[in-house]
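Letter by letter, the sequence shown follows residues 1 to 62 in our numbering.
Where a beta carbon is used, it is the ideal one built from N, C-alpha and C, also for glycine.
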Amino acid sequence: LLRKAGFKILEIPVSMEKRTQGSSSFTFVRAFYYIFTGVLSLLISLLREKTLRRDKEDVFAN
């Protein structure tokens, strides 16, 4: 979606270290929730774009 909007996407390498104290706030359920909502928002964006494009074609056809 960002690339379609004209944004440039770059990967930047980082080095990660093991956690030294505490525990992660992410659980399996929370991780699944974020993945689900991300995929859902992507699908809604794609469907919305398709619907808007179809509506625009209908306007110009009449």
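(request) Closer than 7 Å by C-beta to S25: which residues in its own chain qualify, once you throw out the five before and the five after it? Chain order, please. (result) Along the sequence shown, read from residue 1 onward, the residue named residue 25 stands at position 25. Within the same chain, S25 has no close Cβ partners at all.
(request) Give me the Cα-Cα distance between A31 and T51, rounded to the nearest whole angstrom. (result) For this step, residue 31 is matched to residue 31 along the sequence shown. For this step, residue 51 is matched to residue 51 along the sequence shown. Distance between the alpha carbons of A31 and T51 is about 30 Å.
(message) Quick check on DSSP: helix, strand or coil for S15?
(response) Your numbering for residue 15 matches position 15 in the sequence shown. In the structure shown, S15 adopts coil according to DSSP, grouped into three states.
(request) With DSSP as the reference, label L40 as helix, strand or coil. (result) Numbered from its first residue, the sequence shown carries residue 40 at position 40. L40: helix per DSSP, three-state reduction.
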